[in-house]
Ligand SMILES: Nc1ncnc2c1ncn2[C@@H]1O[C@H](COP(=O)(O)OP(=O)(O)O)[C@@H](O)[C@H]1O
Ligand SMILES: [Mg+2]
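Protein chains in written order, with this note's numbering: chain S, 61 to 437; chain L, 34 to 261.
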């Protein structure tokens with residue numbers, strides 16, 4: 061049976077080849093579109109859509125700010141959450157292994173970094189203990205830290221060596237960071253009551269400019285004038301633009317999918333209609349309608365899937381080797397073939413293969429045998 | 034006496050196309066006994082093919098009673114009918130109707146693919162029938178590499194390979210030169226005499242008729258009374 065499918069394919073090699081390669085080209089296009097489509101969707105999935113702004117000294121990002129400013133900033137309309145972040149700049153064991161370690165306001169940091177997720181009991185443990193710390197998962201994995209590990213931060217210009225206990229590991233957001241209590245740092249330093257900067261989460265990305273101005277206005281003409289900047293305003297405005305681009309891609313993708321369907325349907329339709337009499341001969345020998353259906357559908361699937369394999373495989377290789385993620389890091393966070401995309405594209409070609417041959421195959425399988433044979437010669 | 038292979042009474046077939054109708058068969062009565070070599074003759078359009086198709090279970094009558102090998106084939110479902118054809122009926126067509134992408138061997142093997150036979154058993158059957166039609170040296174040839182007469186002999190082998198009870202042939206010599214036609218007729222004749230196959234053959238060819246044990250004439254859908 062399969063031999064017959066195969067031999068039928070080879071019967072009109074040129075047509076099978078043309079159909080297969082049209083499918084390959086179309087599927088290459090389709091998978092490219094799908095890859096771009098998912099890549100464009102990635103920033104949103106990573107939680108970067110949460111609008112966060114940074115308040116620092118206008119005179120320089122490293123200059124300290126007064127800890128008491130927090131309440132005033134939090135009162136600005138549109139500010140949803142406020143926390144402080146103070147760069148500590150220590151290392152763990154290996155001085156050459158730099159990572160971001162910050163003294164934060166433990167009670168509020170996860171309200172601001174809302175993209176970071178942590179188990180509730182871990183968060184409670186972090187908040188409840190002055191020497192507790194949390195690390196992002198990426199960082200923890202890198203150092204093979206487990207909850208309960210004692211971590212001593214060395215070599216900081218602050219001149220102290222905090223001895224901390226890891227109480228939580230968060231995922232999402234700045235996973236390469238390490239946070240401990242600002243209170244601990246403040247007390248160890250003899251209560252200078254200074255912080256590095258404030259992080260605020262605002263209600264909507266569109267309000268970033270207005271909120272930034274409002275915050276900066278609070279401290280204008282003081283000796284600690286501030287500058288409030290959006291961490292991801294650029295990205296966010298881009299993301300909403302990307303939404304439209306994705307829509308266009310979706311439309312083009314659908315058109316490409318439809319075009320493949322037409323190509324395969326046309327070629328399979330032609331080839332099956334030419335063989336209606338042959339199908340009738342097979343049926344006269346005892347082949348059932350189901351056999352005929354399988355014969356033709358199998359043929360169509362074989363051409364389509366072979367073409368798809370080429371097209372999708374080509375796309376996979378190309379995008380993986382180009383490593384486009386290196387070029388456009390920001391937006392095209394992940395310009396490569398994902399398993400879902402692969403499954404989607406193969407699924408499309410499966411459906412195309414079946415749908416394209418469905419109607420003519422059904423006709424050939426069901427038509428009156430005597431009549432089909434009559435028009436043989 | 035064994036039961037008849039074909040028993041037909043008052044059988045009619047009407048083709049309806051939009052507004053007009055063609056009465057292709059008009060109240061036919063016919064009995065074919067086991068071992069008969071029936072030759073159906075008649076002018077073009079007289080209903081020979083239609084009658085043959087109905088007997089062989091690839092078309093259905095409009096009216097009348099029809100028993101083939103004791104089965105009421107007109108009432109069978111399509112799938113049962115297909116299985117029944119595979120076991121009991123061998124077809125030979127005027128235009129041979131071999132599958133062009135398959136070799137002689139593969140063409141003959143086709144009906145056996147529907148059986149439970151193993152590859153080895155199928156091979157034995159296929160080689161035996163190809164030998165029977167004298168084509169053991171052509172088994173790997175494709176239809177286009179064979180002469181018309183050889184193609185028709187492959188077709189006969191394909192019809193015979195499941196060892197059916199009834200062989201139907203619709204103008205099997207219609208597309209052949211005189212010599213090839215004679216070869217084909219001789220094979221059919223041998224199948225009838227040596228292998229006791231019941232054969233119904235449609236033909237216009239008077240020479241063909243001399244191999245038959247019974248000859249009947251159709252005219253305008255009606256079966257003329259047997260000549261005696
Ligand atoms: N499918 C069909 N639709 C309409 N008319 C048909 C069909 N098949 C056969 N006929 C008509 O039935 C009559 C008998 O045809 P057929 O059995 O092929 O005759 P024969 O084989 O003796 O030449 C003819 O008039 C033919 O035109
Ligand atoms: Mg005819």
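Beta carbons: idealized from backbone N, C-alpha and C, even for Gly.
The beta strand (DSSP E) enclosing residue i, as first and last residue numbers
i, result
"residue 233 of chain L", "231 to 235"
"residue 40 of chain L", "39 to 50"
"residue 122 of chain L", "122 to 125"
"residue 14 of chain L", "Since the first residue shown for chain L is 34 and the last is 261, residue 14 of chain L is missing from the structure and cannot be characterised."
"residue 211 of chain S", "210 to 212"
DSSP state of residue i mapped onto helix, strand, coil
i, result
"residue 151 of chain S", "strand"
"residue 455 of chain S", "Because chain S here runs from 61 to 437, residue 455 of chain S falls outside it and cannot be looked at."
"residue 63 of chain S", "helix"
"residue 130 of chain S", "helix"
"residue 356 of chain S", "helix"
"residue 113 of chain S", "strand"
"residue 217 of chain L", "helix"
"residue 96 of chain L", "strand"
"residue 380 of chain S", "helix"
"residue 264 of chain S", "coil"
"residue 257 of chain L", "coil"
"residue 330 of chain S", "helix"
"residue 139 of chain S", "strand"
"residue 187 of chain S", "helix"
"residue 181 of chain S", "helix"
"residue 129 of chain L", "coil"
"residue 250 of chain L", "strand"
"residue 195 of chain L", "coil"
"residue 56 of chain L", "strand"
"residue 387 of chain S", "At residue 387 of chain S the pLDDT is 46, less than 50, meaning the model places this residue with poor confidence; the figure from the coordinates comes in the next sentence. In this structure, residue 387 of chain S counts as helix in the three-state DSSP scheme."
"residue 345 of chain S", "coil"
"residue 104 of chain L", "strand"
"residue 180 of chain L", "coil"
"residue 86 of chain S", "helix"
"residue 104 of chain S", "Confidence at residue 104 of chain S is low in this model, with a pLDDT of 48, below 50, so the placement of that residue is unreliable and no value is reported for it."
"residue 392 of chain S", "With a pLDDT of 48 at residue 392 of chain S, under the threshold of 50, the modelled position of that residue is not reliable, and the figure given next carries that caveat. In the structure shown, residue 392 of chain S sits in coil (DSSP, three-state: anything other than H, G, I, E or B)."
Identity of the residues DSSP links to residue i by a beta bridge
i, result
"residue 160 of chain S", "S:237"
"residue 192 of chain S", "S:225"
"residue 113 of chain L", "Partner(s): none; residue 113 of chain L has no beta bridge."
"residue 70 of chain L", "L:232"
"residue 61 of chain L", "L:44"
"residue 254 of chain S", "S:126"
"residue 290 of chain S", "S:113"
"residue 279 of chain S", "Paired residues: none, contrary to the question."
"residue 230 of chain S", "S:196"
"residue 40 of chain S", "Beyond the ends of chain S as shown, which are 61 and 437, falls residue 40 of chain S; an answer cannot be given."
Residue range of the unbroken alpha helix (DSSP H) whose run includes residue i
i, result
"residue 410 of chain S", "399 to 426"
"residue 138 of chain L", "137 to 142"
"residue 203 of chain S", "197 to 203"
"residue 154 of chain L", "152 to 165"
"residue 85 of chain L", "81 to 88"
"residue 172 of chain S", "169 to 172"
"residue 239 of chain L", "239 to 242"
Any non-hydrogen atom of ligand 4 within 7 Å of residue i CB
i, result
"residue 81 of chain L", "You won't find ligand 4 in this model; what it holds is ligand 1 and ligand 2."
Where residue i meets chain L, residues with beta-carbon distance less than 7 Å
i, result
"residue 430 of chain S", "86, 91 and 92"
"residue 348 of chain S", "112 and 115"
Within chain S, the residues that residue i reaches when beta carbons sit closer than 8 Å
i, result
"residue 134 of chain L", "64, 67, 68, 70 and 71"
"residue 73 of chain L", "Residues of chain S passing the Cβ test: none, with the nearest at roughly 16 Å."
"residue 228 of chain L", "Neighbours of residue 228 of chain L on chain S: none; closest Cβ ~19 Å, over 8 Å."
Under 7 Å from the C-beta of residue i: neighbouring residues of chain S
i, result
"residue 53 of chain L", "Within 7 Å Cβ-Cβ: nothing; residue 53 of chain L doesn't reach chain S, min ~16 Å."
"residue 144 of chain L", "345 and 346"
"residue 147 of chain L", "346 and 347"
"residue 27 of chain L", "One cannot answer for residue 27 of chain L here, as it falls past the ends of chain L, which runs 34 to 261."
Amino acids of chain S, ordered along the chain, whose beta-carbon sits closer than 9 Å to that of residue i
i, result
"residue 118 of chain L", "343, 344, 345 and 346"
Chain-ordered neighbours of residue i on chain L, where CB pairs are closer than 9 Å
i, result
"residue 334 of chain S", "In chain order: nothing, as chain L lies at least about 11 Å away."
"residue 359 of chain S", "Near residue 359 of chain S there are no residues of chain L at all, since even the closest Cβ is about 11 Å away, more than 9 Å."
"residue 338 of chain S", "130, 132 and 133"
Open item on the list: Check whether the stretch 128 to 141 of chain L and the stretch 69 to 86 of chain L touch, using three or more Cβ-Cβ pairs below 8 Å as the test.
Closed with: no
Open item on the list: Would you call the stretch 358 to 372 of chain S in contact with the stretch 80 to 87 of chain S, where contact means no fewer than 3 C-beta pairs closer than 8 Å?
Closed with: yes
Task: Cβ contact check for the stretch 226 to 236 of chain L and the stretch 190 to 199 of chain L: 3 or more pairs under 8 Å - done: Judged by Cβ distances under 8 Å, the stretch 226 to 236 of chain L makes contact with the stretch 190 to 199 of chain L, as three or more pairs qualify.
Open item on the list: With three or more C-beta pairs closer than 8 Å as the rule, is the stretch 78 to 86 of chain L touching the stretch 244 to 258 of chain L?
Closed with: yes
- [ ] Give a yes or no on contact between the stretch 326 to 338 of chain S and the stretch 148 to 163 of chain S, applying the rule of three or more CB pairs nearer than 8 Å.
- [x] Contact between the stretch 326 to 338 of chain S and the stretch 148 to 163 of chain S is absent, because fewer than three Cβ pairs lie under 8 Å.
Open item on the list: Pairs of beta-carbons, one from the stretch 181 to 199 of chain S and one from the stretch 253 to 273 of chain S, closer than 8 Å: are there three or more?
Closed with: no
Task: Sufficient close CB pairs (3 or more, under 8 Å) joining the stretch 177 to 195 of chain L to the stretch 205 to 214 of chain L - done: Taking one beta carbon from each stretch, the stretch 177 to 195 of chain L and the stretch 205 to 214 of chain L have 3 or more pairs nearer than 8 Å; the two touch.
Open item on the list: Three Cβ pairs or more, each shorter than 8 Å: is that satisfied between the stretch 266 to 285 of chain S and the stretch 233 to 242 of chain S?
Closed with: no
Task: Cβ contact (3+ pairs, closer than 8 Å) linking the stretch 69 to 82 of chain S and the stretch 336 to 353 of chain S - done: By the Cβ test, the stretch 69 to 82 of chain S is not in contact with the stretch 336 to 353 of chain S, since fewer than three Cβ pairs between them sit closer than 8 Å.
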